[in-house]
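One structure is given here, and the rest of the page talks about it.
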Amino acid sequence: MEEIRELKERLERERPVEWEAFPDIGLYMDQLISYMPRQLIHYGEGESLTSAMVNNYIKDGAMPRAEGKRYSRTHLAYLTALCALKQVLSVKDAGLLLAAASEGRPPQKLYEQFREELDRALDVTAGSLDGSAEAEELPGLALALALRSYADRLACQRILELLRERRPQPEKNRK
1 MEEIRELKER
11 LERERPVEWE
21 AFPDIGLYMD
31 QLISYMPRQL
41 IHYGEGESLT
51 SAMVNNYIKD
61 GAMPRAEGKR
71 YSRTHLAYLT
81 ALCALKQVLS
91 VKDAGLLLAA
101 ASEGRPPQKL
111 YEQFREELDR
121 ALDVTAGSLD
131 GSAEAEELPG
141 LALALALRSY
151 ADRLACQRIL
161 ELLRERRPQP
171 EKNRK
């Protein structure tokens, strides 16, 4: 089927840019918002990133604050990861995962790991697609993909629980 063949090609080809390809100057919020759609694969009219979402990610501690009113490569890297992860995790869990993965590492290394893992995941999914599949095979293909996603989510949720248990809890104010 042509649509499956096109999907397979996009999964094999489209990737977020490398760290060095990010703009090397700070971006204002409107520039940041217009830059981000090119970072991930989209189909249909999915949720677009807004300035309110960016501000909420910062407020929730899922990404660092802007430097003045400008956003750097670090912010682009965090937003790329958050926009991908929030498709399958809550923003809180995505923030926890990024915080745990970034401990003791510069943002560039975290982003490189994110890109490597995304590349691997997209390649595995692309490899499971048969571009010559017929229309009657689509339900079975969708079921297999959904169940793999379910199994991956179960494992991810348990690992996030383990990360939460190992993170120091903020002390509550005592009066």
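When you line the sequence shown up against UniProt numbering, it's residues 1 to 175, in that order. Heads up, the beta-carbon is just placed ideally off N, CA and C, and yes, glycines get one too.
Excluding five sequence positions before and after leucine 82, the CB atoms of its chain that fall closer than 8 Å to its own CB belong to Tyr57, Ala62, Met63, Val91, Ala94, Gly95, Leu98, given in chain order. In the assembly as shown, leucine 154 is an exposed residue. Its beta-carbon has fewer than 16 other beta-carbons within 10 Å. For the set Ser128, Leu162, Ala133, the Cα lying nearest the Cα of alanine 146 is the one of Ser128.
Counting the other CB atoms within 10 Å of its CB gives valine 88 a total below 16, which places it among the exposed residues. The segment 113-132 and the segment 12-20 touch, with three or more beta-carbon pairs separated by less than 8 Å.
In this chain, the alpha helix (DSSP H) harbouring serine 149 covers 138-166. Judged by DSSP secondary structure, threonine 50 falls outside any alpha helix (DSSP H); it is assigned neither H nor E. If you draw a 10 Å sphere on the C-beta of alanine 77, you find 16 or more other C-beta atoms in it, and that means buried. In the three-state DSSP reduction, leucine 27 falls in the strand class (E or B). Looking from the CA of glutamate 2, the closest CA among Cys156, Pro139, Asp130 belongs to Asp130. Between valine 54 and isoleucine 33, the CB-CB gap stays under 9 Å. When only Cα atoms are considered, isoleucine 4 and proline 139 end up about 13 Å apart. Per DSSP, aspartate 60 lies in no alpha helix (DSSP H) segment and is marked neither H nor E. Taking threonine 125 as the centre and dropping the five residues before and after it, the same chain places the C-beta of Leu11, Leu145 closer than 8 Å to its C-beta, in chain order.
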